[in-house]
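S.K.: A single structure is presented below for examination.
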Amino acid sequence: MAAETKTLSATHSASQEGEDLRQEHLMHDPKPREEMNGMVMEAMQTTSKKYWIALAIFGLGVLILLFGFWGNQIITGMGVTGKRRPVFWALYITTFVFWIGISHAGTFVSAILRVFKAEFRRPFTRAAELMTTFGLAAGALFPLIHLGRVWTFYWMIPYPNARWLWPNFRSPLVWDFLAITTYLLSSTIYLYLPLIPDLAMARDRSTGWRHSIYKLLALNWRGTEAEWHRLRKAINIFAFAIIPVMFSVHTIVSWDFAVSQTVGWHSTIFGPYFIIGAILSGVSAVVMILFIIQSTMKNMKYFIRLEVFDSLGKLVLIFSMAWAYFFFNEYLLHWYGGYQAVRDLLTFHAQGPTAWVWYTMLICNVAIPWLTLWNRKIRRTPLAMFIITTLVNVGMFAERYTIIPLTLGEQRFPFDWGAYSPRLTDISIVIGTFCLFIFLYLLASRLIPLIPVWEVQEGQMAHSTRKLGKGKVTSVAELE
Amino acid sequence: MQRKKPWWQNAGLRIGIALVMLVLLGGAATGVVITQKAPQQPIEFPHNFHVGTGIPCAYCHSGAETGPVAGLPSIETCWGCHQQLRTNTPRLAKLAEYGSTNTPIPWVPVFIQPDFVHFNHRPHVAAGLECKTCHGDTAGQTVAEPIPGQNMGWCLDCHYKMAPENFTRLSDCATCHY
Amino acid sequence: MSEKVEAKKWGMVVDLDLCTGCQACVTACAMENNIPYTGEDETAYGRGLHWIRIQRYWKGEYPEVSPTHQPVMCQQCGHAPCEPVCPVYASVHSEEEQINVQVYNRCVGTRYCANNCPYISRTFNWFDYPHPVPESYSLNPDVTVRRRGVMEKCTFCVQRIRHAVDTAQAEGREIEDGEVMTACQQACPTGAIIFGDLSKKESAVSQAARSQRSFRLLEELGTEPKVVYLKGGGNYGG
Amino acid sequence: MSKKLSRRDFLKLSCAAAAAGMVLVGCGPASRYVTRVPYAEMPEYQHIGKSTYYATTCRECPAGCGLIVRTFEGRAIKVEGNPNHPVNRGKICPRGLTSVQGVYNLDRITGPVMQGRRGKAGGQAISWDEAVALVKKRFQETKGSEIAFLLGAMPDSLYDLTSELASALKAPAPVRYSALNYLEGRDVWLAVASQYFGTPSFPYFDLENAEIVFNFGAEFLENWLSPMAYSRGYRGFRKGQLGARGYMVSFAPRQSISAAAADEWIPIKPGSEALVALALTRLAAYARSEFSPEITRQVDIKAAAEASGISEEKLKELASRFAGSNRPLAIGGGSALAGKSAFETASAILALNATVYNFNQTGGVFLTPAKAPSERFADVQALFEKMRSGAVKTLFIHGVNPLFDLPAALNAAEAFKRVETIVSFSSFPDETALASDYILPDHTMLEGWGYQTVLAGTTRKIVSAIQPVVVPLYDTRSTADVLIAAGGLPYKDEVDFLQQKILPLMSAGGTFTAPELPSFWAKFLQYGGWWQKSADYAAIDADALLKSSISMPEPHPAPADQYHLVVYPTQFGDGSGANRPWLHETPNPATTVMWNSWVEIHPQTAKKLGIHDDDVVRIRSEFGEIEAVAYLYPALRPDTVALPFGLGHEALGRFAEGRGCNPARLFPNASSQNGNLAWADTLVSLSPTGKRRPIARQESRHGVYGDGE
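Going line by line, the protein sequences match chains R, Y, B and P.
Here the working numbering is used: the first residue of the first sequence is 89, the next is one more, and so on.
Here the working numbering is used: the first residue of the second sequence is 69, the next is one more, and so on.
Here the working numbering is used: the first residue of the third sequence is 19, the next is one more, and so on.
Here the working numbering is used: the first residue of the fourth sequence is 1420, the next is one more, and so on.
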């Protein structure tokens, strides 16, 4: 990659400077509208043999690992998993929290960065929003998967019935249920709204079945000024509205734990702790996905520049620090609280037979980002970023694993302590949801323009350079 | 471009779906009919006749006043009277067969509740409820016929109407489920 | 929660000075409540369905070592942590009997109640446990046989409570003290378990509960358990 | 081209989807009606939908606890204690509770069987007529002296009948034993009582009213003599009805539940119990400023202290405490009464009681007013010797499983081979039943008739009634009926025999009587037995005991690489409970282990030998070896290992077979001078096998012992 080591500080002529800016920022590297649309369409419509193989493998994974094992679990009973007394929640809820966390970043990256007008967001908001929706789809399965009697799940829905019974609105699980459905719905709409112009673009450039689908989905978008106006307004409203939803959803997920009396869960910092953890893992997941998109799909190197990795790397570093603060805070609070059972639990996390999970968590979440991400060079090496963010996600998985099965295993009565070990079904279903996520993403990558072309074009139109003293600075016109 | 029929107008697909639906709906209908229909009894016991002669229900369903289950009559109960009475109809011939060999009659209970519902006759009888309030007018039936929709809402509805002042107790989960 | 004055408050006292840890209560409970056995591998993995567990800890070092025994069953909390977290009211407070009821047919199996129970007194039906003929002949008809995917726990032998209430009602009298015996109490060879109505001052159980030795498990959580322990046998609470 | 989804199509599709959804949700079971069969004739006392309760007697161990069995529509639902029964007063142990799982066991023998080959399951079903004819033929064709009866401890009515039959056939008296017997040292008490008091009756220790109790190894809360009666005694002792809360000191190498219930546990060296008891006797007499009794002449306090590992000061302190108490009591049992010097130990314990004059005193020692049949191991040895010599042609076995519970060193299987015909009356396919030629299954406990004479745990005469609470589930027949029919005894059937036997009780001054037999019989069954209104014990005199001189037992410290062996019965009793799933699922009180056997090793010893928790350990004695899973048990002498008894079956159905290990394989074929099986002197060596087998325990190892899982 040419732009790798170029900086703006070296000796430079004016044209060189312009070239640098162009190389560095997508917004300063405009292409004709037609060409760019063509590039996105080409990326979307090019499928290699490898793609089909991957799609088939992950599709089979969904079928067998997720639905096959789940079916067996429904027929045989929850006992095919490794749960036991006292670890009644384990890998399923761990993965549930993990997916909900991942799904946060889409909204975060897209909505918050949109609200704050962070321009580097433009090429990858779509990718992040897709991640939100599919992450939620994968995650929202778990409350069902983990039910002992999933065939009665509809009792959690409030509806008038012959039994004269309603769900228990005091239960965090009902809040959870409502919050997740709300979030799924709003994030899907939030994904869909900015997609409309791109779908229209795709509609105009495709034939056959694709055309009919796009036509249906594009809602007869014509691109008139009035339509644009309404769309911008709608997106703006949603961008603002979805932020509190996002925060509340993960807070509510954290309340599943925090409102209980379980040792190690009963903590007031769980709300922000979970949100920070979610954003940390979510932003990391965005980096992972962008790396994969950039390195496997056509024309993507143009859209996804190093500046993206650089900026996201900074975000990861900041959230890793915030996470560390909360992690430390949890210990501080419990130290101050002085409850023996919690102290035993925290000691057990750090020194018990499963301490390796705890160390994995700390090393991956704190040590690795802090040691690497301060370095601009590393931040601008996509492969390194991919590895680091993967490790951060491993660390975040370990964090949830520590919070759920490892905490449940060590409650107030040492007589009842018990160690959970996952069995084939737990692991299969968890991998199955990863397959589901990837499968959906693979499908979407060939059905939906992964790059919000209009947003990029809008940004490029708005960007220009202005001479200020000897150097050039970017100036962004207000479009809305 | 050749005009293609959309997939949902494919005749084969439609026939296939129709067949599947037929099977499913037929099954469902059969299920509904089976569960709402009076079962086949070993002897077509004429409730109407017996009630008409003034025999109290508890003569044969003796458990209702003293315990949770009303019970079905043993061959002793039937044979006690019918040894003396008219053995000339086909139904009574069947009874005579059971009675003379002293084999139990495999009655099929009609009013049944699932395992997790613990219904108790005694307090209902003690509260002065008539049998027909829940079991329908057996004086008009030969074999007993089920009353559709006897579910939890049905119980609660009655409890609420009959004894609103005791509704806390009567709607307590532990009253029936344990 | 507004409590009616006349509400019965079933309660239990376990005298730890008399408890020898002999496990008769555990077996009696299983026999009364149709608790299935799970076999070696499952019990080894902590999936036994015992509604009572006798917690045995060791105190001291050899030769001054001795065990303490503490039977822990559902504490029938007055302010139960399991109740608010159940999304479908399967774990619900019985206003009538003032105990925690687990409604098996309403349970959807979130297992949240079990996580939130500080006494870990709830068990889960991981499978459909077989009741082969003729073993099934001894199943108690008054107790639901639970199927897979539902929670269960000690019920204070609610079927016996219901039976006694029903009988007393039919005979037009109050329930007598000692009329309801839980299966564990009935079996306990040293009579360490007392059961009865805590709201009556003169009942055996409330007299015992007023003992100076009495304490409740994890009292600091404010769960208001209906099971009272009497210190003794080297077991001084907690 | 564009094709719109027309409104009609959409409606059609959505209707179809809705219908499919309804079908999927609404599908109930295909048929909700299940045929129910009422009784053809309503049995007596049965009411529709209501439970019926019957009184009967537990046969799970020899104690004879009264039961009330709840039956519902002809099925035994739940076993409860009989609140009026003087032995257990409504209380019951795990084994009694699970007896419904005995009746409704999945592995019962469903009818008489002629075994094709000994030792193999399966065989040819025969009819009861053939079976009775066969027994009759054996009675007629075998010489009286060549017939042998080998009986278990229960029920007593059958023992009485068999004794009558044996004398009618001029056969030797039936030999009776039970594993519980030699594990608890029951026969030792009988020998001591015969020797000093002239009657073979069990002493009754009034634990309930005692103030200070010295317990030499008796597991009175688990299996010893009459566990329910002594558990009640323990309650009274703790409640301190006559004063302060009682104080108990337990002398035992291993902490059983009973030893753990004591206020003080003294891990005495195995084999030194007699010395300690005698030393305490002497010191107690000294503390009371009395002459030391004759029996203690030989004892040297210093030597006793050395042999037992208890300091002299401690002994003195204990003795003065004992002597200074108002109601002191010493009891003994378990491994203390199972060695070569068991007789001496029991005598010494009685002497300790005698020296504080607590015979026939509240909180002291009484003699139970019932003569107990002899259950000496020496008789069993003699019988097997006779079999080995070929002098037994026909052997009848009931209620006992010699191939399982006798020492392997006795080689019962070899002796069986020399017997022409073996007839087993077992209800279950246990090792012995499979090794016999005919299995003529008896009813199980809740299906059969009988009575049980209460031999221990009471000071009244008690005859406890056994009646069927359910009709027999299978084609089984009461052994008593078979013997009466085949042996030509002058009874119509078993009930007739029982009625004739209880006839004398009508005028014996019990809590009830009746003018004529049928009403007496009805009451006898209704109350669950007959018992006297108040205590009726023969006064006993300590003179003979205190003046006797007993040989001083030699302490036998274990060599460095060998360990003393303690074997104790668990909830499985003599091993016959091993086919009940809920007894397996009930955790062991001390270790919380379920579904398997283990070997208890002190953590220090284990460390020394490089044994870890859950390691499979080979335990080798001079007479055999077994493998068991190690459990590091902190309340055990480091020079001792302990094994639970009852598991390790090679047969007995799906729950018992191949589960655990059988400590009887380690026992010597040795009886002491007084005829008890002397297994407690056995020394064993331990070696790790390198295998691991985590056992099921309820406790969390990590939580309780702090080590990883």
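Built from N, CA and C at the ideal position, the CB exists for glycine as well.
Everything numeric in this text was worked out from a predicted model, so none of it was measured.
1. Could you work out which residues of chain R lie near glycine 221 (chain Y), taking near to mean beta carbons separated by less than 9 Å?
2. Secondary structure at asparagine 1779 (chain P), three-state DSSP: helix, strand or coil?
3. With DSSP as the reference, please indicate the residues paired to glycine 1929 (chain P) in a beta bridge.
4. Would you please verify whether the beta carbon of aspartate 504 (chain R) is less than 8 Å from any beta carbon of chain B?
5. In its own chain, which residues sit with a C-beta less than 6 Å from the C-beta of alanine 1648 (chain P), not counting the 5 before and 5 after it?
6. Name the chain Y residues whose beta carbon is nearer than 8 Å to that of glutamine 187 (chain B)?
7. Step through the CB atoms of chain Y and report whether any lies within less than 8 Å of the CB of aspartate 35 (chain B).
8. Identify whether valine 1444 (chain P) lies in helix, strand or coil by the three-state DSSP scheme.
9. At 9 Å on the CB atoms, spell out the chain R contacts of leucine 224 (chain Y), in chain order.
10. If I follow the unbroken beta strand (DSSP E) through isoleucine 117 (chain B), where does it start and stop?
11. Pull up the CB-CB distance for alanine 1729 (chain P) and alanine 1749 (chain P), whole angstroms please, since I reckon it's below 8 Å.
12. So is alanine 242 (chain Y) in contact with chain B if we call contact Cβ pairs under 8 Å?
13. Let me confirm a value: histidine 97 (chain B) is counted as buried when at least 16 other C-beta atoms fall within 10 Å, else exposed. Which label applies?
14. Sorted by chain position, which residues of the same chain lie with C-beta nearer than 7 Å to alanine 1437 (chain P)'s C-beta, five sequence neighbours on each side aside?
15. With respect to the beta strand (DSSP E) encompassing serine 2104 (chain P), which residues constitute its N-terminal and C-terminal limits?
16. Using C-beta distances below 7 Å, list every residue in its chain close to glutamate 2118 (chain P), excluding the 5 sequence neighbours before and after it, in chain order.
17. Helix, strand or coil: how does DSSP classify histidine 422 (chain R) here?
18. Can we say the stretch 1586-1603 of chain P touches the stretch 1559-1566 of chain P, given the rule of at least three CB pairs closer than 8 Å?
19. Just the chain B side, please: which residues come within less than 9 Å of asparagine 78 (chain Y) by C-beta, in chain order?
20. Helix, strand or coil for glycine 170 (chain R), going by three-state DSSP, please let me know.
21. On the criterion of 16 or more Cβ atoms from any shown chain inside 10 Å, does glutamate 1627 (chain P) qualify as buried, or is it exposed?
22. Between phenylalanine 1785 (chain P) and alanine 1696 (chain P), how many whole angstroms is the CB-CB distance? I'm expecting something under 8 Å.
23. Answer with yes or no whether the minimum CB distance from lysine 1469 (chain P) to chain Y is below 8 Å.
24. Counting pairs of Cβ atoms below 8 Å between the stretch 318-332 of chain R and the stretch 244-262 of chain R, do you hit three or more?
25. Could you tell me the boundaries of the alpha helix (DSSP H) in which serine 1576 (chain P) lies?
26. Which partner residues does phenylalanine 2164 (chain P) have in the DSSP bridge list?
27. Which whole-angstrom value describes the C-beta separation of alanine 1723 (chain P) and leucine 1694 (chain P), a residue pair presumed to lie in contact below a C-beta threshold of 8 Å?
28. Go through its chain and collect everything with a Cβ distance to phenylalanine 1815 (chain P)'s Cβ below 6 Å, but skip five positions before and after it.
29. Measure the beta-carbon distance from serine 198 (chain R) to threonine 213 (chain R) and round it to whole angstroms, keeping in mind my assumption that it falls under 8 Å.
30. Assuming the contact rule is C-beta atoms closer than 8 Å, glycine 57 (chain B) and valine 223 (chain B) should be a hit. Round their C-beta distance to whole Å, please.
31. If proline 2063 (chain P) sits next to asparagine 1998 (chain P), beta carbons under 8 Å apart, how far is it from one beta carbon to the other, in whole angstroms?
32. Using C-beta distances below 8 Å, list every residue in its chain close to phenylalanine 407 (chain R), excluding the 5 sequence neighbours before and after it, in chain order.
33. To which residues of the same chain is alanine 290 (chain R) closer than 7 Å at the C-beta, ignoring the five residues directly before and after it?
34. Between the stretch 185-192 of chain B and the stretch 149-165 of chain B, do at least 3 Cβ pairs fall closer than 8 Å?
35. So, with DSSP's three-state summary, where would you put lysine 389 (chain R)?
36. Excluding sequence positions up to five away, which residues of its chain have a Cβ less than 6 Å from the Cβ of alanine 565 (chain R)?
M.R.: Reading from the atomic positions:
1. Those are Asn249, Ala250, Arg251 and Trp252, listed as they occur along chain R.
2. In the structure shown, asparagine 1779 (chain P) sits in coil (DSSP, three-state: anything other than H, G, I, E or B).
3. According to DSSP, which records beta bridges pairwise, glycine 1929 (chain P) is partnered with P:Gln1951.
4. Chain B contact via Cβ: present.
5. The residues Val1506 and Gly1876, in chain order, have a CB closer than 6 Å to that of alanine 1648 (chain P) in the same chain once the five nearest residues on each side in sequence are set aside.
6. What glutamine 187 (chain B) touches in chain Y: Pro191 and Ala194.
7. For aspartate 35 (chain B), the answer is no, since every Cβ of chain Y falls outside 8 Å of its Cβ.
8. Reliability of the predicted coordinates at valine 1444 (chain P) is poor, the pLDDT of 39 falling under 50, and the value obtained from them is presented with this limitation in mind. Three-state DSSP puts valine 1444 (chain P) in a helix.
9. Under the 9 Å cutoff, chain R gives Ala250, Arg251 and Trp252.
10. For isoleucine 117 (chain B), the enclosing beta strand (DSSP E) stretches over residues 117-120.
11. According to the sequence shown, residue 1729 (chain P) is isoleucine rather than alanine. Going by Cβ atoms, the distance from isoleucine 1729 (chain P) to alanine 1749 (chain P) rounds to 15 Å, so no, they are not a contact pair.
12. Taking 8 Å as the threshold, the shortest C-beta distance from alanine 242 (chain Y) to chain B falls below it.
13. With a threshold of 16 other beta carbon atoms within 10 Å, histidine 97 (chain B) falls short and is exposed.
14. Caution applies to alanine 1437 (chain P), whose pLDDT of 43 falls short of 50 and renders its modelled position unreliable; the model cannot decide the point.
15. Per DSSP, serine 2104 (chain P) belongs to the beta strand (DSSP E) from 2102-2111.
16. The beta carbon of glutamate 2118 (chain P) lies closer than 7 Å to those of Thr2011 in the same chain, with the five residues before and after it left out.
17. In this structure, DSSP gives histidine 422 (chain R) a helical state, which the three-state scheme calls helix.
18. Taking one beta carbon from each stretch, the stretch 1586-1603 of chain P and the stretch 1559-1566 of chain P have 3 or more pairs nearer than 8 Å; the two touch.
19. Those within 9 Å of asparagine 78 (chain Y) in chain B number zero; the least Cβ separation is about 40 Å.
20. When DSSP states are grouped into helix, strand and coil, glycine 170 (chain R) belongs to the coil group.
21. Label assigned to glutamate 1627 (chain P): buried.
22. About 19 Å; that fails the 8 Å criterion.
23. Contact of lysine 1469 (chain P) with chain Y is assigned, a C-beta pair being separated by under 8 Å.
24. Contact fails: fewer than three Cβ-Cβ distances are below 8 Å.
25. Where serine 1576 (chain P) is concerned, the enclosing alpha helix (DSSP H) stretches over 1575-1587.
26. For residue 2164 (chain P) there is no data in the structure shown, the boundaries of chain P being 1420 and 2128.
27. Right, their Cβ atoms sit about 4 Å apart.
28. So the qualifying residues of the chain are Phe1568 and Val1842.
29. The pair is a contact, with the Cβ atoms about 4 Å apart (cut-off 8 Å).
30. Wrong, their Cβ atoms sit about 36 Å apart, outside the cutoff.
31. Not quite, the Cβ-Cβ distance comes to about 16 Å (not below 8 Å), so this is no contact.
32. Around phenylalanine 407 (chain R): Ile364, Ile367, Leu368 and Val371.
33. Around alanine 290 (chain R): Met129, Tyr302 and Pro537.
34. Touching, no, given that fewer than three Cβ pairs across the two stretches are closer than 8 Å.
35. Here lysine 389 (chain R) sits in helix by DSSP.
36. Excluding sequence neighbours, alanine 565 (chain R) sits near Ala550.
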